Amino acid sequence: MHKLIGKVLLLCLLMLPVIPGNVSLAAPAEKRGEEFTEGHNEETTAHEAEEQTGKFNPGDFMFDHIKDAHDWHLMSIGHRHISIPLPVILYSKNSGLHVFMSSKFHHGHAEYKGFHLETSGENKGKILEADGTRPLDLSMTKNVVAMIFSIVILLWIFLAVGKRYRENPLKAPSGIQSFVEPLITFLRDDVIKPSIGPKYERYMPYLLTLFFFIFINNLLGLIPIPPGGANLTGNIAVTLVLALFTFVITTISGSKDYWTHIINTPGVPAWLKLPPLPIIPLVEVIGIFTKPFVLMVRLFANITAGHIIAMGFISLIYIFGQMAPALGYGVSIISILFNVFMMFLELLVAFIQAFVFTFLSAIYFGMAVEEHHKEHHEVEHA
Amino acid sequence: MDLLIPEVGTIIWSLIGFSITFFILAKFAWKPVLKGLKQRDESIEKALQAAETAKREVSQLQSDNEKLLAETKAERDKILQEARELKESLLNDAREQAKREGHKLIADAREAIKNEKAAAIQDIKRQVTELSVSISEKILMHELADSDKQREIIEKSIIEAKLN
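In structure tokens form, the structure reads like this:
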């Protein structure tokens with residue numbers, strides 16, 4: 057285990073050279089935040105007149121960033137919002153399928169085909185029909201576009217790497233190959249092989265895809281300019297899908313011993329397993345679902361928290377800036393320093409969360425495929 | 002709170018996106034990568050084993066060589082030793098023989114000298130006898146020319162014989 061932790065730390069250290077690029081990108085983040093806020097203030101005056109006009113609201117500021125959106129907001133100058141419109145795909149029970157660009161809504165100012173973009177309240181940012189119900193929304197939102205971008209990067213990197221291995225596997229790794237190879241061998245030798253055991257090779261493709269998908273998206277989420285900066289791995293729908301994959305694979309590959317262990321746990325007195333109080337099978341069955349659930353929540357919470365903290369530090373600038381402009385400038389220095397520090401921490405978190413998700417998935421697969429032996433149980437439950 | 006409620010659209014998109022990524026990567030990236038890594042591991046393993054074998058062979062060869070060298074050295078020493086001994090014995094033999102030859106030669110020489118001496122003495126004796134006979138003859142002839150003298154001699158010889 058110590059060896060494992062050491063390797064994780066080493067890999068994190070190896071990633072440090074990547075940081076300067078991101079740090080220099082951290083500066084635009086502040087800038088973007090500034091303009092974003094101005095735009096937001098404008099929005100507030102326009103649409104939420106009942107609220108205190110012109111007052112900076114850090115909660116909205118943060119959650120607008122963290123949540124998904126139908127357009128990719130770049131900046132707002134005065135009353136003008138500059139954003140990339142994204143395709144909206146809707147299926148309405150009343151009027152069927154609709155495909156159009158989100159720019160048709162004019163940031164919520166206009167209705168289109170009987171749909172409108174809600175700008176406040178419970179359904180803020182969602183598309184509603186005229187009667188206030190929600191159509192089936194299959195739009196390519198900010199997160200979907202960010203995911204497609206990350207997939208393009210993933211395919212670009214790994215198809216190139218795969219080609220090199222196909223051409224000459226015995227050659228020493230070079231270029232991007234030498235960056236991903238240690239990660240792959242680390243995952244194979246220190247994570248997947250020890251967790252799953254001799255049948256590990258079947259699970260390698262899924263676990264490697266999982267790791268790099270989460271890792272790349274975590275990293276892209278740290279880059280504050282499009283197409284980075286989307287909170288994809290901090291979106292509960294995305295983490296739900298990833299956890300679902302792990303759940304389905306675990307359940308499918310469950311051996312006879314795995315199910316026996318759940319229904320008739322060895323080494324437990326019979327009265328705990330039989331009606332009227334079959335508490336152990338009950339707990340075990342709940343455990344089947346809590347394991348992926350925990351995976352889902354962990355990744356979502358960690359990445360979202362990172363984004364919230366980063367946005368929180370930026371919010372501080374505006375909160376103090378509204379008291380006195382000079383105070384805002386002063387605080388911005390501290391905020392930026394804290395943000396740089398958070399960036400470093402988030403780089404670590406980006407790796408650790410991808411690693412943990414993969415590691416735990418591998419452990420669940422290992423539990424599912426493990427062939428128990430009688431004496432093994434006695435030792436385990438002694 | 003809608004942060005915690007998954008959107009159906011996002012679920013569908015990420016299902017599609019992740020599945021496609023998974024299948025493409027599994028087929029075109031992970032398969033060759035894992036195969037390549039395995040192949041490389043095996044080739045490294047093989048190379049290491051070959052190196053180990055070669056090392057063992059070399060050390061075997063080296064020890065063989067050393068053994069051979071030691072044997073050769075021992076043999077050389079033995080041969081030298083033998084040669085020395087041979088030389089020693091040859092020398093001794095030669096010396097011995099020379100000594101013996103010398104002694105024999107000396108002995109022969111002595112013998113010859115003795116013989117020669119004896120012959121010479123014999124010869125001398127004979128010559129002395131002859132000489133003395135001829136001298137005696139001459140003396141007798143000269144002495145016995147006078148009858149007085151003959152008498153005198155006879156008498157003298159009788160006297161001498163009486164004295165004896």
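Line by line, the protein sequences give chains A and B.
With my numbering, the residue at position 327 of the first sequence is 383, and numbering never jumps.
With my numbering, the residue at position 19 of the second sequence is 20, and numbering never jumps.
Glycine is no exception: its CB is placed at the ideal position from the N, C-alpha and C atoms.
Quick caveat, the model's predicted, so the values are computed rather than measured.
Inset, instruction - Would you kindly check if the distance between the Cβ of Val144 of chain A and the Cβ of Ile183 of chain A is under 9 Å? - result: Contact flag set, yes.
Legend entry - Three-pair Cβ contact test at 8 Å for the region 191-202 of chain A versus the region 123-136 of chain A: Here the region 191-202 of chain A lies against the region 123-136 of chain A, with 3 or more beta-carbon pairs under 8 Å apart.
Inset, instruction - Closer than 8 Å by C-beta to Leu351 of chain A: which residues in its own chain qualify, once you throw out the five before and the five after it? Chain order, please. - result: Only residues of its own chain outside the window of five on either side were considered, and among them Thr295, Leu298, Ala299, Thr302, Phe413, Leu416 and Ser417 have a CB closer than 8 Å to the CB of Leu351 of chain A, listed in chain order.
Legend entry - Which of helix, strand or coil DSSP assigns to Asp193 of chain A: DSSP, reduced to helix, strand and coil, places Asp193 of chain A within a strand of the structure shown.
Legend entry - Members of the region 329-350 of chain A that neighbour chain B once the beta carbon cut-off is set at 7 Å: For the region 329-350 of chain A, which is checked against every Cβ of chain B, not one residue is closer than 7 Å.
Legend entry - Contact with chain B by Leu393 of chain A, beta-carbon distance below 9 Å: It does not: the Cβ of Leu393 of chain A has no partner Cβ on chain B nearer than 9 Å.
Legend entry - Pair within 9 Å by beta-carbon distance, Asp193 of chain A and Val34 of chain B: Between Asp193 of chain A and Val34 of chain B, the C-beta spacing is not below 9 Å.
Legend entry - Min CB distance Asn78 of chain A to chain B below 9 Å: Legend: pLDDT at Asn78 of chain A = 35, less than 50; position of this residue unreliable, value from coordinates given subsequently. No, its Cβ sits nowhere closer than 9 Å to a Cβ of chain B.
Legend entry - Nonlocal neighbours in the same chain, by C-beta distance under 7 Å from Ser309 of chain A, ignoring five residues either side: Once the five neighbours on either side are set aside, the close Cβ partners of Ser309 of chain A are Phe421, Ala424 and Val425.
Legend entry - Distance between beta carbons of Thr289 of chain A and Ile342 of chain A, contact taken as under 8 Å: Ile342 of chain A to Thr289 of chain A, Cβ: 26 Å. No contact.
Legend entry - DSSP three-state assignment for Leu146 of chain A, whether helix, strand or coil: In this structure, DSSP gives Leu146 of chain A an extended state, which the three-state scheme calls strand.
Legend entry - 7 Å Cβ cut-off: residues of chain A touching Leu35 of chain B: Under the 7 Å cutoff, chain A gives Met260.
Legend entry - Among A:Arg190, A:Gly323, A:Tyr262 and A:Pro225, nearest to Asn150 of chain A - alpha-carbon criterion: Residue A:Arg190 is the option with its Cα nearest to Asn150 of chain A.
Inset, instruction - State buried or exposed for Asn116 of chain B, treating a residue as buried only when at least 16 other CB atoms are found within 10 Å of its CB. - result: So Asn116 of chain B counts as exposed.
Inset, instruction - Could you work out which residues of chain A lie near Gln40 of chain B, taking near to mean beta carbons separated by less than 9 Å? - result: In chain order: Tyr221, Pro225 and Leu226.
Legend entry - Touching by the beta-carbon criterion (3+ pairs, under 8 Å), the region 373-383 of chain A and the region 303-323 of chain A: No, because fewer than three Cβ pairs between the region 373-383 of chain A and the region 303-323 of chain A fall closer than 8 Å, the two stretches do not touch.
Legend entry - Given 8 Å, three or more beta-carbon pairs between the region 264-271 of chain A and the region 384-391 of chain A: As far as the Cβ criterion goes, the region 264-271 of chain A does not touch the region 384-391 of chain A, which means the pair count is below three.
Legend entry - Length of the line joining the Cα atoms of Pro280 of chain A and Ala366 of chain A: When rounded, the distance between both Cα atoms is 10 Å.
Inset, instruction - Look at the Cβ atom of Met118 of chain A, then the Cβ atom of Ile292 of chain A, and state whether they are nearer than 9 Å. - result: No, Cβ-Cβ distance for Met118 of chain A and Ile292 of chain A is not below 9 Å.
Legend entry - C-beta contact flag for Tyr262 of chain A and Ile209 of chain A at 9 Å: When the beta-carbon positions are compared, Tyr262 of chain A and Ile209 of chain A stay at least 9 Å from each other.
Legend entry - Opposing strand residues paired with Trp128 of chain A [DSSP bridges]: Trp128 of chain A pairs with A:Ile140.
Legend entry - Minimum Cβ-Cβ distance from Ser195 of chain A to chain B less than 9 Å: Proximity of Ser195 of chain A to chain B, defined by a Cβ-Cβ separation below 9 Å, is satisfied.
Inset, instruction - Under 7 Å Cβ to Cβ from Ser158 of chain A, same chain only, skipping five residues before and after it: list those, please. - result: For Ser158 of chain A, where only same-chain residues beyond five positions count, the Cβ hits under 7 Å are His126, Asp127, Pro141, Leu142 and Val144.
Inset, instruction - Only counting runs of 4 or more residues, tell me where the alpha helix (DSSP H) segments fall wholly within the region 278-335 of chain A, in order along the chain. - result: Within the region 278-335 of chain A, the complete alpha helix (DSSP H) segments of 4 residues or longer fall at 292-308 and 312-319, listed in chain order.
Legend entry - Gly18 of chain B classed as buried or exposed, judged by whether at least 16 other C-beta atoms fall within 10 angstroms: The residue in question, Gly18 of chain B, is buried, as its Cβ has 16 or more Cβ neighbours within 10 Å.
Legend entry - Gln108 of chain A in three-state terms, based on DSSP: Its pLDDT being 43, under 50, Gln108 of chain A is placed unreliably in this model, and the coordinates cannot settle the point.
Inset, instruction - Label Asn66 of chain B either buried or exposed according to how many other C-beta atoms from any shown protein chain fall within 10 Å of its C-beta, with 16 as the threshold for buried. - result: Its Cβ having fewer than 16 others within 10 Å, Asn66 of chain B is exposed.
Inset, instruction - Report yes or no: is there a C-beta of chain B within less than 9 Å of the C-beta of Ile365 of chain A? - result: Not one chain B Cβ lies under 9 Å of Ile365 of chain A.
Inset, instruction - Sort A:Lys111, A:Ala382, A:Ile213 and A:Gly368 by Cα distance to Met398 of chain A and report the nearest one. - result: Of the candidates A:Lys111, A:Ala382, A:Ile213 and A:Gly368, the residue whose Cα lies closest to the Cα of Met398 of chain A is A:Gly368.
Inset, instruction - Please report how far the alpha carbon of Ala119 of chain B lies from the alpha carbon of Leu87 of chain B, in whole angstroms. - result: Looking at the two C-alpha atoms, the distance is approximately 46 Å.
Legend entry - CB contact check: Asn358 of chain A to chain B, cutoff 9 Å: Chain B, which has no Cβ nearer than 9 Å to the Cβ of Asn358 of chain A, makes this no.
Legend entry - Cβ pair count under 8 Å reaching 3, the region 172-180 of chain A against the region 230-237 of chain A: Contact between the region 172-180 of chain A and the region 230-237 of chain A is absent: fewer than 3 CB-CB pairs across the two stretches fall below 8 Å.
Legend entry - Ala51 of chain B versus Pro225 of chain A - alpha carbon distance: Pairing Ala51 of chain B with Pro225 of chain A, the inter-Cα distance amounts to about 20 Å.
Inset, instruction - Give a yes or no on whether 9 Å exceeds the smallest Cβ distance from Phe161 of chain A to chain B. - result: By this cut-off, Phe161 of chain A is not an interface position.
Inset, instruction - Determine whether the Cβ of Gly377 of chain A lies closer than 9 Å to any Cβ atom of chain B. - result: Residue contact check for Gly377 of chain A against chain B: no CB pair falls below 9 Å.
Legend entry - Pair within 9 Å by beta-carbon distance, Phe112 of chain A and Ser311 of chain A: The beta carbons of Phe112 of chain A and Ser311 of chain A sit no closer together than 9 Å.
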